[in-house]
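**Q**
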Amino acid sequence: MIVKDALAAHAAFRRDAERLLLHCLDLAHEDRAWLIAHDTDELPNKVLSVFEELCQQRQTGIPLAYLLGYREFWSLRLRVTQDVLIPRPETECLVEWAVELVGEYGLSRFLDLGTGSGAIAMAVKSACPELSVTASDASARALAIAAENAATLDLPVELIESNWLSGLVGRKWPLIVSNPPYVAANDPHLAAGDLRFEPISALTDGDDGLGAIRTIVDESPAHLEPGGWLLLEHGYDQAADVAKLMALRGFNCITLRHDLAGRPRATGGCWTS
1 MIVKDALAAH AAFRRDAERL LLHCLDLAHE DRAWLIAHDT DELPNKVLSV FEELCQQRQT
61 GIPLAYLLGY REFWSLRLRV TQDVLIPRPE TECLVEWAVE LVGEYGLSRF LDLGTGSGAI
121 AMAVKSACPE LSVTASDASA RALAIAAENA ATLDLPVELI ESNWLSGLVG RKWPLIVSNP
181 PYVAANDPHL AAGDLRFEPI SALTDGDDGL GAIRTIVDES PAHLEPGGWL LLEHGYDQAA
241 DVAKLMALRG FNCITLRHDL AGRPRATGGC WTS
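Residue 36 in UniProt numbering sits at position 36 of the sequence shown, and the numbers go up by one each step.
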């Protein structure tokens with residue numbers, strides 16, 4: 001079978017099929033222009049077999065990122081598996097904010113809580129090479145993926161297995177950032193799209209979506225240096241709740257940031273007590 005016929009058989013999700021075929025041909029660095037230029041090339045049976053299998057999996061809803069084994073984030077190609085959340089563009093606003101604070105205050109150290117694939121930690125480290133970065137996660141499997149990304153990207157990061165801050169006793173940072181699970185357990189989105197295949201513990205706390213945020217807000221002051229900042233990603237409808245939690249805990253300069261779509265996405269505060 002030739003390239004154009006193989007792709008025509010999957011017209012319902014043509015763009016995804018194109019990326020999958022390039023992946024099977026070990027041409028992930030190419031774009032659809034290559035496929036157009038080579039549309040009459042004969043595909044080896046082995047390539048065609050793997051391509052058809054991946055397309056069938058995509059039709060069942062398995063996210064493209066998991067089938068390809070990577071996702072682009074902050075111009076970095078990060079390895080992802082079903083052990084980690086798929087990095088999303090909206091989280092880049094959290095990275096931008098962290099990078100701003102590092103530059104503004106000349107920070108030398110930074111903690112990424114619940115790092116997953118290491119997306120936030122790697123992105124901030126790539127933008128601030130001299131920064132000493134620590135990343136933690138409760139999942140050993142997630143940390144293994146983060147370690148692989150750190151090695152592949154040559155971005156040295158200290159990785160620690162910890163359930164939020166419980167494994168970091170006695171340590172402090174001038175900046176703590178986290179994209180915790182914040183989807184409410186009864187949110188119908190959990191049963192739709194990519195979320196069906198992502199690790200549930202990285203998406204929801206099994207309750208109202210604010211459980212992990214409450215824990216981090218409550219415990220982080222013991223791990224923040226005077227004048228240190230805590231930045232949290234949250235749902236578009238949780239901004240007021242997160243700001244209230246931070247204010248009640250004693251944070252100052254509480255600020256809201258929006259993502260590229262203009263939705264409330266991250267709240268931060270300064271610990272001065």
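We treat Cβ as the ideally placed atom computed from N, Cα and C, and that holds for glycine.
Helix or strand or just coil, what does DSSP make of Cys253?
**A** Translated into the one-based positions of the sequence shown, residue 253 becomes position 253. Strand.
**Q** Relative to the C-alpha of Phe51, which residue among Arg15, Ala6, Ile62 is closest?
**A** Residue mapping note: residue 51 aligns to position 51 of the sequence shown, counting from 1. Ranking the options by Cα distance to Phe51, first place goes to Ala6.
**Q** Per DSSP, residue 278 is paired with what?
**A** Only positions 1 to 273 of the chain appear in this structure, which leaves residue 278 out of reach.
**Q** What span of residues does the alpha helix (DSSP H) with Arg58 cover, start to end?
**A** Position 58 of the sequence shown, counted from the first residue, corresponds to residue 58. Its alpha helix (DSSP H) spans residues 45-59.
**Q** The alpha helix (DSSP H) with Arg32 in it runs from where to where?
**A** Indexing the sequence shown from 1 puts residue 32 at position 32. 32-37 is the extent of the alpha helix (DSSP H) around Arg32.
**Q** Just to confirm, does Phe13 get its C-beta within under 6 Å of one of the non-hydrogen atoms of the ligand SAM?
**A** The model on display carries no ligand, and the ligand SAM is accordingly not part of it.
**Q** Since Leu78 and Tyr66 are thought to touch, with beta carbons under 8 Å apart, how far apart are those beta carbons, to the nearest angstrom?
**A** Start at 1 with the first residue of the sequence shown, and residue 78 comes out as number 78. Start at 1 with the first residue of the sequence shown, and residue 66 comes out as number 66. Actually they are not in contact, since the Cβ atoms of Leu78 and Tyr66 sit about 12 Å apart, beyond 8 Å.
**Q** Between Ala146 and Gly167, which are expected to be in contact by the criterion C-beta below 8 Å, what is the C-beta distance as a whole number of angstroms?
**A** The residue you call residue 146 lines up with position 146 of the sequence shown. The residue you call residue 167 lines up with position 167 of the sequence shown. That pair is no contact at about 15 Å.
**Q** The alpha helix (DSSP H) that contains Glu148, what's its start and end?
**A** Residue numbering aside, residue 148 sits at position 148 when the sequence shown is read from its first letter. Its alpha helix (DSSP H) spans residues 140-153.
**Q** Please report the Cβ distance between Ile213 and His234, rounded to the nearest whole angstrom; I am assuming they are in contact, meaning their Cβ atoms lie under 8 Å.
**A** What you label residue 213 is simply residue 213 of the sequence shown in a count that begins at 1. What you label residue 234 is simply residue 234 of the sequence shown in a count that begins at 1. Sure, about 6 Å apart at Cβ, within 8 Å.
**Q** Distance, Cα to Cα, Asn163 vs Ala266?
**A** Here residue 163 is taken as the residue at index 163 of the sequence shown, counted from 1. Here residue 266 is taken as the residue at index 266 of the sequence shown, counted from 1. Near 21 Å, if we compare the C-alpha coordinates of Ala266 and Asn163.
**Q** Leu107 by DSSP, collapsed to three states: which one?
**A** Taking the sequence shown and counting its residues from 1, the one referred to as residue 107 is at position 107. Leu107 falls in the coil class under three-state DSSP.
**Q** By the three-class DSSP mapping on this structure, what secondary structure does Ala121 have?
**A** Counted from its first residue, the sequence shown places residue 121 at position 121. Helix at Ala121.
**Q** Over what stretch of residues does the beta strand (DSSP E) that includes Asp137 continue unbroken?
**A** Taking the sequence shown and counting its residues from 1, the one referred to as residue 137 is at position 137. 132-137 is the span of the beta strand (DSSP E), which, as asked, contains Asp137.
**Q** With DSSP as the reference, please indicate the residues paired to Ser75 in a beta bridge.
**A** Here residue 75 corresponds to residue number 75 of the sequence shown, with the count starting at 1. Paired residues: none, contrary to the question.
**Q** Answer with buried or exposed for Leu27, where buried requires no fewer than 16 other C-beta atoms within 10 angstroms of its C-beta.
**A** If you number the sequence shown from 1, residue 27 lands on position 27. Result: exposed.
**Q** Under 7 Å Cβ to Cβ from residue 275, same chain only, skipping five residues before and after it: list those, please.
**A** Here the chain comprises residues numbered 1 to 273, so residue 275 is not present and cannot be evaluated.
**Q** For Val3 and Ser75, what's the separation of their Cα atoms in angstroms?
**A** As a working mapping, residue 3 is identified with position 3 in the sequence shown. As a working mapping, residue 75 is identified with position 75 in the sequence shown. Answer to the nearest angstrom: the Cα atoms are 29 Å apart.
**Q** Assign Pro44 to buried or exposed, taking buried as 16 or more other Cβ atoms, counted over all protein chains shown, within 10 Å of its Cβ.
**A** If you number the sequence shown from 1, residue 44 lands on position 44. It is exposed - the Cβ of Pro44 has fewer than 16 other Cβ atoms within 10 Å.
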